[in-house]
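Asker:
Structure below.
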């Protein structure tokens, strides 16, 4: 059962995995890109002190950043040990006055429509049923509230690192392209959408060190340009993206 893998993931990683989760994003080799992603998402949110639901928050690092910005945050995760790490994280940052956590399955949450925004940050692709997860987010939002997703697109499930994670830990790794997110969003009642490039593509395009001018017009650079343009102008880009929908 894939959800059993989500429940035991942190335990299977051991103490080093717990320490990594507690120190994210600074313990991660992609720290800079993760910070950029959170920064971009903050620009899409209503201003503080809006109420934010952080779905699939893991050890809570994203929730910590939202709370430090001044938001009233509820973080959710299915794994009790992840929630323990998240609560420890909130305490050591002195954020327990505006940051709380709940343990449960985001496919079956029944929250009260009091949130201004809900966020899946690299977590919706672990869902068994993304329709149920997006419906939970829709129920949790006020009228006019935003759902923001930051998810991998086509090909994620068959990437070597995804296959290895599924083999080792029994977790769910799925493609979660914007067309699927938007389709499910429409089915539950979201009314519009925006699709935006993830910062990883912008990093590859503009910031990654190159041997200029030899690599200025490299094949990889043109691939990144095409990806960004496809996300911005193709109604079915299929690529890793940020999606914003409104209730």
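In my numbering, the protein residues as written are 6 to 252. Glycine included, each C-beta is placed from N, C-alpha and C at the ideal position.
1. Where does residue 229 land, buried or exposed, given buried means 16+ other C-beta within 10 angstroms?
2. Hey, residue 114 and residue 145 are a contact pair by Cβ (cut 8 Å); roughly how many whole angstroms apart?
3. By the three-class DSSP mapping on this structure, what secondary structure does residue 166 have?
4. Take the Cβ of residue 288 as the centre, count every other Cβ of all protein chains shown within 10 Å, and call the residue buried at 16 or more, exposed below.
5. If you measure between the beta carbons of residue 75 and residue 51, is that distance less than 7 Å?
6. As a quick exercise: from 163, 177 and 101, pick the residue whose alpha carbon is nearest that of residue 61.
7. State buried or exposed for residue 188, treating a residue as buried only when at least 16 other CB atoms are found within 10 Å of its CB.
8. Am I right that residue 245 and residue 156 are in contact with their C-beta atoms under 8 Å? What's the rounded C-beta distance?
9. Tell me the residue span of the beta strand (DSSP E) that contains residue 249.
10. Just to confirm, are residue 209 and residue 180 a CB contact at a threshold of 7 Å?
11. Give the C-beta separation of residue 45 and residue 247 to the nearest angstrom, bearing in mind that I take them to be a contact with Cβ-Cβ under 8 Å.
12. Under the rule that 16 or more other beta-carbon atoms within 10 Å means buried, what is residue 99, buried or exposed?
13. Would you mind working out which of 137, 161 and 110 sits nearest residue 191, comparing C-alpha positions?
14. How is residue 51 classed by DSSP in three states: helix, strand or coil?
15. With a threshold of 6 Å (Cβ to nearest heavy atom), would residue 251 be considered close to the ligand PLP?
16. Using a threshold of 7 Å, state whether the C-beta atoms of residue 293 and residue 252 are closer than that.
17. Over what stretch of residues does the alpha helix (DSSP H) that includes residue 78 continue unbroken?
Answerer: Here's the rundown:
1. buried
2. 7 Å
3. DSSP places residue 166 in helix when its eight states are reduced to three.
4. Since the first residue shown for the chain is 6 and the last is 252, residue 288 is missing from the structure and cannot be characterised.
5. no
6. 177
7. Around the C-beta of residue 188, fewer than 16 other C-beta atoms lie within 10 Å, and the residue is accordingly described as exposed.
8. 7 Å
9. 246-251
10. No. Outside cutoff.
11. 7 Å
12. Residue 99 is exposed by the Cβ-count criterion.
13. Out of 137, 161 and 110, 137 has the C-alpha closest to the C-alpha of residue 191.
14. coil
15. In the structure shown, the ligand PLP is absent, as is every other ligand, since no ligand is present at all.
16. For residue 293 there is no data in the structure shown, the boundaries of the chain being 6 and 252.
17. Segment 77-82 is the beta strand (DSSP E) holding residue 78; no alpha helix (DSSP H) there.
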